[in-house]
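Protein chains in written order, with the numbering used here: chain A, 1 to 292; chain B, 1 to 325; chain C, 1 to 316.
Yeah, the Cβ is synthetic: ideal placement off N, Cα and C, and Gly gets one too.
Computed from a predicted model, the values in this text were never measured in an experiment.
Below is one structure, written out as structure tokens; the observations come after it.
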């Protein structure tokens with residue numbers, strides 16, 4: 001009975017017919033692929049990502065992809081495939097921590113702001129709008145450079161950038177629901193505000209929050225790559241896609257495409273995965289609204 | 001004894017956004033403009049009028065779902081006009097509301113059984129398992145059987161009439177003393193209306209509940225209401241025993257409402273009165289008698305200048321030239 | 001000769017959960033200048049039937065068999081373009097909610113002129129505008145209101161505008177789908193009077209769709225009653241109301257609150273059936289107090305009794 005409650009939505013996902021279904025499934029497949037990669041990295045990585053993987057004489061110059069090094073090596077002789085595998089751990093850690101943190105701050109603030117409107121709402125909206133009006137990457141760089149380079153600090157920087165996204169969506173939904181007849185009916189039943197917000201309004205915003213989570217995470221991956229690019233997520237020689245992208249720039253000019261191609265591809269694919277989840281969910285949501 | 005006393009109740013909204021304010025176009029909408037009546041225990045009063053008459057606003061003011069601009073609302077001897085929301089919350093279970101659109105008044109994502117049970121838990125009257133049992137009984141009671149099957153449905157899986165039964169069950173599980181029903185059957189097929197009204201009447205009898213039935217349909221008022229108040233542009237223009245008003249309307253507007261009600265009786269002796277135009281914008285209430293621009297009996301002078309007051313004893317009419325004498 | 005003849009019409013909706021027959025074996029005849037009201041509960045198929053006539057069925061609805069003969073031509077075989085030419089010029093349509101059928105950003109005159117030019121009913125825009133303002137006058141709205149935007153009119157006036165647009169090209173048939181459901185009683189009464197006078201003046205036929213049998217009783221020449229996708233009774237309004245043949249019609253009349261009758265709290269027991277899984281035999285039998293043996297197993301066939309039709313085992 002309990003189990004079926006958890007499983008039913010998953011099963012219905014595959015049963016339902018709607019436009020965005022393939023997007024959602026493809027997105028889930030991509031993201032799960034990277035999650036599996038991150039978890040299995042120690043078992044499948046052929047080399048230590050921060051150790052020489054080739055004889056010293058070959059380490060002076062990047063080695064092209066081969067059977068031993070499916071993604072080649074970089075200019076200091078590290079195995080790119082191993083670096084991509086371990087790099088996914090950093091990216092996923094930063095992006096998921098940041099998204100959960102933005103959600104944990106943005107959702108409650110959005111609920112309160114939308115329900116009470118008035119002064120609280122105005123002050124919160126001004127703060128959130130001023131954060132939102134900054135270009136995300138610049139704000140993230142500013143915060144991260146103050147805090148210093150580390151994955152956790154990068155996560156904090158990203159979290160601040162994406163709080164307003166959650167806030168704005170949840171506030172809008174809450175505002176709409178607060179003015180709806182069903183919430184007025186709950187007030188007439190004498191429900192305390194806490195119950196109305198947590199048991200009735202929040203569950204009705206949940207689908208939207210999921211959509212924002214998907215699209216927000218996709219965006220955050222690109223911003224994270226930007227932070228790494230400027231060396232604000234990890235320090236050398238630790239593996240990170242954005243950081244490797246930066247390190248590979250010179251190689252590309254010298255004709256070594258693989259040190260930049262594979263990190264770039266990984267960033268793009270993972271961002272695409274999250275974006276597809278977000279889009280797929282929003283299609284599904286639109287369909288459900290239409291039915292209702 | 002009166003369960004509810006309403007004295008000179010007013011609700012004025014200011015209408016207009018920033019642009020309107022800058023251009024000095026702000027308008028005062030007098031949705032409710034001085035309504036007074038008493039409702040006795042176990043009595044049903046119908047508030048009848050067209051949209052824009054202020055009947056729904058009056059209903060919401062009574063339950064303090066809107067803040068009154070002025071006037072007094074006394075519920076069971078307690079003045080609730082300015083009571084704080086926290087205190088009011090404890091009174092709310094005793095006064096319930098049913099809305100016109102049953103689908104809009106239910107949480108679309110919640111099982112209807114749970115929606116019925118929840119008020120008991122929220123008010124600490126029962127645990128979830130007890131509330132569930134009571135909700136099942138209630139579903140049975142409102143004719144949604146098998147109750148176990150209906151308990152688990154979502155609002156979208158029910159018909160309009162069934163949803164309204166759920167809404168009624170949710171309000172009735174708290175055994176209220178006062179029910180405000182806002183057009184509870186106007187979105188339901190004519191053929192199903194009486195069954196919903198009958199259900200309300202049954203509960204009313206059982207709980208010795210008082211009821212305010214807000215409706216635009218005199219035929220509905222006739223089926224349920226002991227007394228009827230006819231509203232026009234924020235005011236009561238006529239109030240009295242329902243049958244009396246229907247047989248012998250005192251206000252020309254009441255007569256017009258009666259004349260407009262469709263009937264299947266061929267050759268029914270309907271009043272032949274037909275009135276002009278439509279109800280005025282409540283931000284531009286006509287001078288004198290607010291009905292005068294549409295009234296075929298307007299004398300063009302007194303009716304235009306002087307506002308008639310509700311006069312009479314058990315039967316009151318606000319008209320300079322009432323049809324009954 | 002009849003203006004409109006519907007013969008054995010079947011309309012299906014293909015839904016995700018399977019096929020649903022929204023109109024089953026419907027046959028109707030409408031004479032010139034006649035007012036026919038189709039009465040039924042929501043989900044009875046009355047709107048679907050009426051919308052199929054001018055080709056306004058929304059997908060996934062589809063006519064699966066039957067014919068709709070209008071002025072001697074079968075509308076079911078016509079292309080979208082041909083139907084569009086007929087709509088507006090020969091068949092006018094009025095919907096429940098006038099606000100959704102008017103463009104809020106353009107004046108009503110503009111929208112009327114467009115419709116007139118579309119049908120090449122006027123030589124110039126100026127002539128078209130004159131036609132539009134005359135049409136407004138004919139429904140009791142001052143002609144200079146052509147310059148108004150929809151939001152500047154009240155609900156009742158907007159419905160009058162919709163009626164003006166529907167009748168300005170002098171159609172032979174007007175289909176009105178619950179035209180007064182969103183309006184107040186007094187406005188409803190005036191709209192019904194307007195339709196009645198237009199019918200008389202223009203010699204036009206009207207099909208009114210309504211769930212309110214009392215409303216139909218006051219204005220109609222004929223009434224058809226639909227239940228669960230089928231026409232169960234049809235005949236002259238006076239006879240259908242005063243001596244209903246079908247037990248459903250009888251129950252419908254009895255359950256309608258009415259100021260001029262004995263006060264009763266009668267309601268039809270039970271609920272309308274699920275059309276995906278209709279009851280066997282007569283679809284009304286589970287709710288019928290006169291049901292007997294054959295009702296459960298055999299579908300009643302339409303029986304003609306003089307000028308009337310009824311589908312019930314009580315009558316042959």
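- A distance of 8 Å or more separates the beta carbons of residue 196 of chain A and residue 270 of chain A.
- Residue pairing for residue 70 of chain C: DSSP places it in a beta bridge opposite C/4 and C/73.
- With fewer than 16 other CB atoms across the displayed protein chains lying within 10 angstroms of its CB, residue 289 of chain C is exposed.
- Spanning the alpha carbons of residue 143 of chain B and residue 195 of chain B requires a straight line of approximately 10 Å.
- Against residue 156 of chain C, the close residues of chain B are 278, in the order they occur along the chain (beta-carbon pairs closer than 8 Å).
- Residue environment: residue 277 of chain C is assigned as exposed (fewer than 16 neighbouring CB atoms within 10 Å of its CB, all protein chains considered).
- At a cut-off of 8 Å between beta-carbon atoms, residue 83 of chain B makes no contact with chain A.
- Looking from the CA of residue 97 of chain B, the closest CA among B/111, B/121, B/8 and B/212 belongs to B/212.
- In this structure, DSSP gives residue 107 of chain C a state outside helix and strand, which the three-state scheme calls coil.
- With contacts defined as CB atoms closer than 8 Å, residue 162 of chain A and residue 110 of chain A fail to qualify as a contacting pair.
- Here residue 179 of chain A is exposed: its Cβ has fewer than 16 other Cβ atoms, across all protein chains shown, within 10 Å.
- Within the model, the alpha-carbon separation for residue 96 of chain C versus residue 23 of chain B is close to 36 Å.
- The alpha carbon of residue 230 of chain C has as its nearest neighbour, out of C/21, C/3, C/14 and C/4, the alpha carbon of C/21.
- Assignment of residue 248 of chain B by DSSP, reduced to helix, strand and coil, places it in the coil class.
- If the five residues before and after residue 258 of chain B are omitted, its C-beta is found closer than 8 Å to the C-beta atoms of 218, 246, 249, 270 and 271, all from its own chain and listed in chain order.
- Interface residue (Cβ-Cβ distance to chain C less than 8 Å): residue 262 of chain B is classified as such.
- At least one C-beta of chain C is nearer than 8 Å to the C-beta of residue 195 of chain B.
- According to the DSSP assignment, residue 7 of chain B belongs to the beta strand (DSSP E) that extends over 2-15.
- Burial state of residue 145 of chain B is exposed, judged by a 10 Å Cβ sphere holding fewer than 16 other Cβ atoms.
- Between residue 91 of chain B and residue 175 of chain B, the alpha-carbon positions lie close to 12 Å from each other.
- Chain-order list of chain B residues neighbouring residue 260 of chain C: 261, 263, 264, 265, 268, 269 and 270, by C-beta distance under 9 Å.
- Taken in chain order, the members of the region 193-224 of chain B whose beta-carbon sits within less than 8 Å of a beta-carbon on chain C are 193, 194, 195, 197, 198, 201, 216, 217, 218, 219, 220, 222 and 223.
- Closer than 7 Å at the C-beta level to chain A, one finds these residues of the region 119-134 of chain B: 119, 122 and 123.
- Annotation for residue 67 of chain A: no beta strand (DSSP E) segment contains it, and DSSP assigns it neither H nor E.
- Closest in alpha carbon position to residue 194 of chain A, among B/89, B/224, B/178 and B/19, is B/89.
- Within the model, the alpha-carbon separation for residue 135 of chain B versus residue 106 of chain B is close to 15 Å.
- Between the region 232-249 of chain A and the region 141-160 of chain A there are three or more C-beta pairs closer than 8 Å, enough to call the two in contact.
- Identification of chain C residues near residue 139 of chain B by a Cβ-Cβ cut-off of 7 Å yields none; the smallest Cβ-Cβ distance measures about 15 Å.
- If you look at residue 94 of chain A, you'll find it in the alpha helix (DSSP H) that goes 80-116.
- Under the DSSP assignment, residue 101 of chain B falls outside any alpha helix (DSSP H); it carries neither an H nor an E label.
- Around residue 282 of chain C, the same chain offers 295 and 300 as residues with beta carbons nearer than 6 Å, after the five sequence neighbours per side are excluded.
- Sorting C/61, C/118, C/92 and C/56 by C-alpha distance to the C-alpha of residue 79 of chain C places C/56 at the top.
- According to the DSSP secondary-structure assignment, residue 96 of chain B is paired through a beta bridge with B/179.
- By the 16-neighbour rule on beta-carbons within 10 angstroms, residue 254 of chain A is exposed.
- Unbroken alpha helix (DSSP H) runs of no fewer than 4 residues, entirely contained in the region 221-288 of chain C, are found at 237-242 and 247-255, following chain order.
- With fewer than 16 neighbouring CB atoms inside 10 Å of its own CB, residue 128 of chain B falls in the exposed class.
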